[in-house]
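Residue numbers (full-length UniProt numbering): 1 to 91.
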């Protein structure tokens with residue numbers, strides 16, 4: 001879901017992503033430039049490296065995004081797959 005901010009947010013699970021959006025929005029109130037969430041992207045449980053890479057590609061295609069916050073609960077999704085997806089998207 002596209003939002004108006006400049007911080008891309010990727011997580012696994014709607015609750016985790018929503019709480020991350022809240023944290024980014026709250027932190028943005030106290031920093032220069034007022035960082036704010038740019039999107040809501042839930043990669044779901046058990047996401048593969050390909051899903052992570054595709055999600056990151058989508059977020060990075062938004063010209064407003066200046067940074068990306070990835071918050072993944074390792075009990076649901078293998079963090080090595082997340083890392084491989086990030087690596088793949090950046091290559």
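C-beta: ideal position from N, C-alpha, C; glycine also.
Residue i versus residue j - alpha carbon distance
i, j, result
"residue 59", "residue 2", "9 Å"
"residue 70", "residue 34", "19 Å"
"residue 32", "residue 72", "27 Å"
"residue 18", "residue 87", "25 Å"
"residue 26", "residue 11", "18 Å"
Whole-angstrom C-beta distance between residue j and residue i, which should lie under 8 Å
i, j, result
"residue 85", "residue 50", "7 Å"
"residue 39", "residue 9", "6 Å"
"residue 37", "residue 21", "5 Å"
As assigned by DSSP and simplified to three states, the class of residue i
i, result
"residue 41", "strand"
"residue 86", "helix"
"residue 46", "coil"
"residue 55", "helix"
Pair within 7 Å by beta-carbon distance, residue i and residue j
i, j, result
"residue 77", "residue 53", "no"
"residue 89", "residue 57", "yes"
"residue 28", "residue 43", "no"
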